[in-house]
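Quick note, the sequences are listed as chains A and B, same order.
Note that the UniProt record's numbering has the first sequence beginning at 1, numbered continuously upward.
Note that the UniProt record's numbering has the second sequence beginning at 1, numbered continuously upward.
Shown next, in structure tokens, is the structure this report addresses.
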Amino acid sequence: MRKLVTSMLAGIGLTLACGTSVYAQEKSLTIFWAEWDPANYLQELGNEYEKETGVKITVETTPWADFQTKAFTEFNAHGDAYDLVVGDSQWLGAGSTGGHYVDLTDFFKKHDLGNVMAPATVKYYAEYPGNSGKYWAIPLEGDAVGWSYRKDWFEDPKEKEAFKAKYGYDLDVPKDFKALRDIAEFFHRPDQKRYGIAIYTDNSYDAMAMGFENALFSYGGELGDYATYKVDGHINSDKAVAALDAYKELYKFTPPGWAKSFFVEDNQAITENLAAMSMNFFAFFPSLINEASNPNAKNTGFFANPPGPNGDQFAALGGQGISVISYSKKQDEAMKFLEWFIKDETQKKWAALGGYTCSAAVLKSPEFQSATPYNKAFYETMFKVKDFWAVPEYAELLQQLNQRIYPYMIGGDGTAKETLDALAADWNATFKKYGRVQ
Amino acid sequence: MATTMITTLDRSSRAATRGLSDISIRNLFIVPTVLFLIVFNIFPLIYSLGYSFTDFRASTNAPANFVGLQNYRDLLNDPYVWSNFAITAKYVIISVAGQLLVGFGVAMLLNRDIPLKGLITTLLLLPMMLSMAVVGLFWKLLYDPSWGVINYALGLGNFEWLADPKMALYAVALTDIWMWSPFVMLLSLAGLSAVPKHLYEAAAIDRAGPFYTFFRITLPLVAPILMIAVIFRTMEAFKTFDLAYILTSQPTAELISIRLYKMAFQEWQTGRSCAMAYIVLIMVLAITNIYVKYLNKVKER
Numbered sequence: 001m002r003k004l005v006t007s008m009l010a011g012i013g014l015t016l017a018c019g020t021s022v023y024a025q026e027k028s029l030t031i032f033w034a035e036w037d038p039a040n041y042l043q044e045l046g047n048e049y050e051k052e053t054g055v056k057i058t059v060e061t062t063p064w065a066d067f068q069t070k071a072f073t074e075f076n077a078h079g080d081a082y083d084l085v086v087g088d089s090q091w092l093g094a095g096s097t098g099g100h101y102v103d104l105t106d107f108f109k110k111h112d113l114g115n116v117m118a119p120a121t122v123k124y125y126a127e128y129p130g131n132s133g134k135y136w137a138i139p140l141e142g143d144a145v146g147w148s149y150r151k152d153w154f155e156d157p158k159e160k161e162a163f164k165a166k167y168g169y170d171l172d173v174p175k176d177f178k179a180l181r182d183i184a185e186f187f188h189r190p191d192q193k194r195y196g197i198a199i200y201t202d203n204s205y206d207a208m209a210m211g212f213e214n215a216l217f218s219y220g221g222e223l224g225d226y227a228t229y230k231v232d233g234h235i236n237s238d239k240a241v242a243a244l245d246a247y248k249e250l251y252k253f254t255p256p257g258w259a260k261s262f263f264v265e266d267n268q269a270i271t272e273n274l275a276a277m278s279m280n281f282f283a284f285f286p287s288l289i290n291e292a293s294n295p296n297a298k299n300t301g302f303f304a305n306p307p308g309p310n311g312d313q314f315a316a317l318g319g320q321g322i323s324v325i326s327y328s329k330k331q332d333e334a335m336k337f338l339e340w341f342i343k344d345e346t347q348k349k350w351a352a353l354g355g356y357t358c359s360a361a362v363l364k365s366p367e368f369q370s371a372t373p374y375n376k377a378f379y380e381t382m383f384k385v386k387d388f389w390a391v392p393e394y395a396e397l398l399q400q401l402n403q404r405i406y407p408y409m410i411g412g413d414g415t416a417k418e419t420l421d422a423l424a425a426d427w428n429a430t431f432k433k434y435g436r437v438q
Numbered sequence: 001m002a003t004t005m006i007t008t009l010d011r012s013s014r015a016a017t018r019g020l021s022d023i024s025i026r027n028l029f030i031v032p033t034v035l036f037l038i039v040f041n042i043f044p045l046i047y048s049l050g051y052s053f054t055d056f057r058a059s060t061n062a063p064a065n066f067v068g069l070q071n072y073r074d075l076l077n078d079p080y081v082w083s084n085f086a087i088t089a090k091y092v093i094i095s096v097a098g099q100l101l102v103g104f105g106v107a108m109l110l111n112r113d114i115p116l117k118g119l120i121t122t123l124l125l126l127p128m129m130l131s132m133a134v135v136g137l138f139w140k141l142l143y144d145p146s147w148g149v150i151n152y153a154l155g156l157g158n159f160e161w162l163a164d165p166k167m168a169l170y171a172v173a174l175t176d177i178w179m180w181s182p183f184v185m186l187l188s189l190a191g192l193s194a195v196p197k198h199l200y201e202a203a204a205i206d207r208a209g210p211f212y213t214f215f216r217i218t219l220p221l222v223a224p225i226l227m228i229a230v231i232f233r234t235m236e237a238f239k240t241f242d243l244a245y246i247l248t249s250q251p252t253a254e255l256i257s258i259r260l261y262k263m264a265f266q267e268w269q270t271g272r273s274c275a276m277a278y279i280v281l282i283m284v285l286a287i288t289n290i291y292v293k294y295l296n297k298v299k300e301r
């Protein structure tokens, strides 16, 4: 009898435990993203969702350096550890054609997101292939490259006078790439441990591409023809060659040891009094207006990527869309979260928390544009952005770009023309390998 | 068959009825090890060999297509890969030679009666007890041209160790030498202490100079153990990944292991990276074989 009672109690206990576990599992979602401030904002937004619906949102993060590897390792294993991923824009091709992302075309059309979200974000964070009308993500975090600068250095009357005497025009936020170069040269004073400019130079993942693209696009150059995958005559055009030379010229005015620099180092250039101007994604600017993380917060200004010699003005696109992972067992729950996320009031909350909303209406609102010293520059930039290839073989293309451009930029090997001709040949061979061109 | 017979016999014995016999205990230890080796070493080895003949990409759901020796052909015709091999070879030579000189030199100094010998030896062993990642981050700070201690101590100003393409590989090798010389030192000390004292006494009686004593007594007798150190360090240096990956991203310091990692886990060229891993494996085996043959010759002398 005692054995029977014990067995029954154990059985009831086990049933309850399993039931609770399954219940808890159904009422939670895990979102995978890289480790940075916007992920913390998303967690805060997720807490709001939990209050409203009872569904627990966990934003799991990993350092940027591991993000791609860890995400794709999980995709390749068809794992269901994550239900949604805030994946990089260039992952769209690999995510969609690899079967890792759920097709969100119907969802996108049902909610008219093509008109609700800013055009660039729809084009670069959601649609693949380009102009196909197939959508794989909801634009979540808008981002692009912009610039921060030392207002106190720029506004110093002595500096202004010296600059005008040397260059013949007023020292101010650079109006074009030539002015950017002149100001960088002007403030480059190694003997005072002050340097002109901080740019992206790291050759792992996409840092070098994101940095060079700012010069390339503003000089009127292109990576290639996204429709035909023709690269010869685009990435090695005269404009592209001039852009690479201009970007290499800026490297001369960077602080010492600046050959492996990305977003962390570029913010440090401002916080550590190293550089007059610094390139970075807008998403990294919140820490620059925070006095706890930037002693120069009050003296830090921001501007959009300047135009090139012909007046073209573009910037490299950062940012990500959120996708439902096809191996998730909670896809319905994930879709409900997305429905909540795209609501106007949620987008306003997202922007208020510090996330870069992609909602066109919120972006246009005066509240958003005046919320921080850089939101206006961000708004202007988001309508002038271009992105890297989003094809499934993007990682090989990135690697080839790094292998070609880095030795020229940092080591001074060859010429810009030789570098870009070689890159065009590499990319053409890769596109041939994957059957995109004959 | 023999094992089955012994086990059967054992099972029928009185010892077996009381508990686990010696043979059962032996099997209990060996079977999991063999299973572990099969599951985690041999199976992946064979599986990856199969993939090396395909165009498989792990990031897609597309099936693997047999491409024969195409991956091997492409890799062996890829100038970047050859450049990675050349960089790795240069790194191995600098690093291992440096460790051998420093490690053996320090061991020679310590192989005499000096005060606090034990403490000094223990302190010198500390670098190799640290993790590679920690050492990489630590030395990255030391090398920094703006606030690094090395430039400050040597009065080098803004000299760029890691940002200069020409210096990056040497900087990584220098860090490796700092970290692993103690290993060579430890082995050398063991070898030096095993040299019979009477040989030195006899040499002294014969009025042999230090040069002669070193090359005719010390070195030949320590050579086998030094060769073991060289084999271990060569294999390790050939596989170096973390130190170089953390310290620099210069293409001039892109070792073969870093290229392999990028190919496999950043570009997801799975089939191709499997082929590359086999090429590396064959190279390491070949080099090790040469060393072992030489080691046997040294021992025979």
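For glycine and all other residues, C-beta sits at the position ideal for the given N, C-alpha and C.
Values in this document were obtained by computation on a predicted structure and should not be read as measured data.
- If you check each beta-carbon in the stretch 234 to 261 of chain A against every beta-carbon of chain B, the ones closer than 8 Å belong to 255, 256, 257, 258, 259, 260.
- DSSP places residue 196 of chain A in the uninterrupted beta strand (DSSP E) bounded by 195 to 198.
- Restricted to the stretch 232 to 258 of chain A, the alpha helix (DSSP H) segments that are unbroken, complete and at least 4 residues in length are 238 to 251, listed in chain order.
- Per DSSP, the continuous beta strand (DSSP E) segment holding residue 56 of chain A begins and ends at 56 to 62.
- Under the three-state reduction of DSSP, residue 400 of chain A is assigned to helix.
- In this structure, the alpha-carbon of residue 70 of chain B lies about 34 Å from that of residue 260 of chain A.
- Secondary structure of residue 44 of chain B (DSSP, three-state): helix.
- Under the 8 Å criterion on CB atoms, residue 421 of chain A is classed as non-interfacial with respect to chain B.
- Sorting B:258, B:153, B:37, B:251 by C-alpha distance to the C-alpha of residue 280 of chain B places B:258 at the top.
- Pairing residue 59 of chain B with residue 98 of chain A gives a Cβ-Cβ distance under 8 Å.
- Straight-line measurement puts the Cα of residue 201 of chain B at about 24 Å from the Cα of residue 185 of chain B.
- In the three-state reduction of the DSSP assignment, residue 282 of chain A falls in the helix class, which pools H, G and I.
- With a 10 Å radius around the Cβ and a threshold of 16 neighbouring Cβ atoms, residue 231 of chain A comes out buried.
- The alpha-carbon separation between residue 419 of chain A and residue 245 of chain A amounts to approximately 11 Å.
- Between the stretch 132 to 143 of chain A and the stretch 263 to 276 of chain A, the count of C-beta pairs closer than 8 Å stays below three; the two stretches do not touch.
- Contacts with chain A (Cβ-Cβ distance below 8 Å) from the stretch 239 to 261 of chain B involve 248, 249, 250, 251, 252, listed in chain order.
- Each residue's CA atom was taken as its position, placing residue 144 of chain B and residue 232 of chain B some 31 Å apart.
- Excluding sequence positions up to five before and after residue 298 of chain B, its CB lies within less than 7 Å of the CB of 223, 224, 227, all in the same chain and listed in chain order.
- Secondary structure of residue 268 of chain B (DSSP, three-state): coil.
- Per DSSP, the continuous alpha helix (DSSP H) segment holding residue 116 of chain A begins and ends at 113 to 116.
- Minimum Cα-Cα distance from residue 70 of chain A among the listed residues A:57, A:85, A:266 corresponds to A:85.
- In the DSSP assignment, residue 128 of chain A falls outside any alpha helix (DSSP H) and carries neither an H nor an E.
- Among the CB atoms of chain A, one or more fall inside 8 Å of the CB of residue 265 of chain B.
- In this structure the stretch 295 to 302 of chain A does not touch the stretch 55 to 69 of chain A; the number of beta carbon pairs closer than 8 Å is below three.
- Chain A has a Cβ within less than 8 Å of the Cβ of residue 158 of chain B.
- In the three-state DSSP reduction, residue 160 of chain B falls in the coil class, being neither helix nor strand.
- Close partners of residue 80 of chain B in chain A (Cβ separation under 7 Å): 403.
- Less than 8 Å divides the Cβ of residue 285 of chain A from the Cβ of residue 148 of chain A.
- Within the stretch 309 to 347 of chain A, the runs of beta strand (DSSP E) that reach at least 3 residues and sit entirely inside it are, in chain order, 320 to 324.
- Classified as exposed, residue 211 of chain B has fewer than 16 neighbouring CB atoms from the shown chains inside 10 Å of its CB.
- Assignment of residue 189 of chain A by DSSP, reduced to helix, strand and coil, places it in the strand class.
- DSSP places residue 195 of chain B outside both helix and strand once states are collapsed to three, so it counts as coil.
- Taking the beta carbon of residue 289 of chain A as reference, no residue of chain B falls within 8 Å; the closest one sits roughly 24 Å away.
- Looking from the CA of residue 141 of chain B, the closest CA among B:48, B:78, B:162 belongs to B:162.
- Comparing alpha-carbon positions, the option among B:27, B:246, B:33, B:47 lying closest to residue 275 of chain B turns out to be B:47.
- Counting only the Cα atoms, residue 137 of chain A lies some 5 Å from residue 322 of chain A.
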